[in-house]
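Numbering (my numbering), first residue to last: 3 to 86.
Positions of the beta carbon are idealized from the N, C-alpha and C atoms, including for glycine.
Notes follow once the structure below has been shown.
See below:
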């Protein structure tokens, strides 16, 4: 089936930014339904952290969940709005 985000949006293949450890990447994108809306997609591939111990993996995932939750609560029209 694939990633739903990648089917709903036109995502540039090359990241516009990525973390030093390559745990997450930012990609420029646009909505297929509304192509004039410019977006940034945060992508994280779990397989990239398979080499770490279970505790480290859990810490990474927990940090990402907390960060995503914080971003969703952030309300400012000129900074960021979370679509999904």
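Taking the straight line between their C-alpha atoms, what separation do you get for residue i and residue j?
i          : j          : result
residue 33 : residue 11 : 5 Å
residue 17 : residue 29 : 5 Å
residue 53 : residue 7  : 25 Å
residue 38 : residue 77 : 22 Å
residue 3  : residue 9  : At residue 3 the pLDDT is 41, less than 50, meaning the model places this residue with poor confidence; the figure from the coordinates comes in the next sentence. Residue 3 and residue 9: Cα-Cα distance of roughly 9 Å.
residue 81 : residue 51 : 29 Å
Report the option in the options whose CA atom is closest to the CA atom of residue i.
i          : options          : result
residue 66 : 26, 20, 13 and 8 : 26
residue 21 : 8, 62, 75 and 39 : 62
residue 40 : 68, 6, 14 and 9  : 14
With residue i and residue j assumed to form a contact (beta carbons below 8 Å), what rounded beta-carbon distance in angstroms separates them?
i          : j          : result
residue 74 : residue 84 : 5 Å
Does residue i pass the burial test, meaning 16 or more other C-beta atoms within 10 Å, or should it be called exposed?
i          : result
residue 70 : exposed
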